[in-house]
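Data first, discussion second: the structure below is written as structure tokens.
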């Protein structure tokens, strides 16, 4: 876990902001992020869109994290990406997550996706994925997780996850029962 967006912003600048070439849906929450992302991607694909999907963690193969229309990123693309850009990204010292996220954005742009569904890695406000300008934000739910990074109360955790919300961007929020958590989103 790296707090802050400096590395992600530096990588993104080097690659000329590839996420600007497609629409994005940003998904945060305590539970159900991956399922929600896969469901949204399937609905969009069935509706005729070319869809990128970025989720984590992977189960067996790193390439599970990066998909276009359900198909994992090609192994050669991953190898070529690292070989071609290593000298540029090594001084930035990106985390594994930061680098894989930027690779996904570049891959989605290269594949000319219409829309990408992007899962937050941890929290929201300071997550690497929070450099995008989403067309829709989704927060699945709020619960106790990663308390050492996000805070030790539900309102603090909710505030971190709400950090993906951008002015003028529609937001879908799952059921929130606790009034003190609900107040974070109102």
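Numbering (the working numbering), first residue to last: 354 to 539.
By construction, the Cβ of each residue, glycine as well, lies at the ideal position given by its N, Cα and C atoms.
Using only alpha-carbon positions, find the residue among the options that is nearest to residue i.
{"i": "residue 505", "options": "375, 390, 461, 476", "result": "476"}
{"i": "residue 487", "options": "517, 463, 466", "result": "517"}
{"i": "residue 433", "options": "460, 498, 424", "result": "460"}
{"i": "residue 443", "options": "535, 364, 356", "result": "364"}
{"i": "residue 426", "options": "464, 499, 397", "result": "464"}
{"i": "residue 358", "options": "532, 485, 494, 528", "result": "485"}
{"i": "residue 408", "options": "414, 418, 401", "result": "418"}
{"i": "residue 376", "options": "522, 535, 527, 530", "result": "522"}
{"i": "residue 373", "options": "498, 462, 390, 502", "result": "462"}
{"i": "residue 422", "options": "467, 498, 389", "result": "467"}
Using the Cβ count rule (16 or more neighbours within 10 Å means buried), how would you classify residue i?
{"i": "residue 410", "result": "exposed"}
{"i": "residue 420", "result": "buried"}
{"i": "residue 539", "result": "exposed"}
{"i": "residue 446", "result": "exposed"}
{"i": "residue 361", "result": "buried"}
{"i": "residue 452", "result": "buried"}
{"i": "residue 513", "result": "buried"}
{"i": "residue 495", "result": "buried"}
With a cut-off of 8 Å on the beta carbons, I'd call residue i and residue j a contact; round off their distance for me.
{"i": "residue 405", "j": "residue 469", "result": "3 Å"}
{"i": "residue 416", "j": "residue 403", "result": "At roughly 18 Å, the Cβ-Cβ gap does not stay under 8 Å, so residue 416 and residue 403 are not in contact."}
{"i": "residue 511", "j": "residue 537", "result": "4 Å"}
{"i": "residue 378", "j": "residue 479", "result": "With a Cβ gap of about 20 Å, residue 378 and residue 479 do not count as contacting."}
{"i": "residue 471", "j": "residue 380", "result": "7 Å"}
Given this structure, state the Cα-to-Cα distance separating residue i from residue j, to the nearest angstrom.
{"i": "residue 509", "j": "residue 492", "result": "15 Å"}
{"i": "residue 441", "j": "residue 371", "result": "16 Å"}
{"i": "residue 393", "j": "residue 384", "result": "15 Å"}
{"i": "residue 387", "j": "residue 520", "result": "25 Å"}
{"i": "residue 436", "j": "residue 455", "result": "15 Å"}
{"i": "residue 424", "j": "residue 450", "result": "20 Å"}
{"i": "residue 531", "j": "residue 507", "result": "9 Å"}
{"i": "residue 525", "j": "residue 431", "result": "33 Å"}
{"i": "residue 439", "j": "residue 528", "result": "43 Å"}
Which partner residues does residue i have in the DSSP bridge list?
{"i": "residue 377", "result": "469"}
{"i": "residue 407", "result": "419, 471"}
{"i": "residue 390", "result": "None, per the DSSP bridge assignment."}
{"i": "residue 490", "result": "379, 524"}
{"i": "residue 425", "result": "420"}
Would you say residue i faces chain C, with C-beta separation under 8 Å as the test?
{"i": "residue 380", "result": "Annotation note: the requested chain C is absent from the structure, which comprises a single protein chain."}
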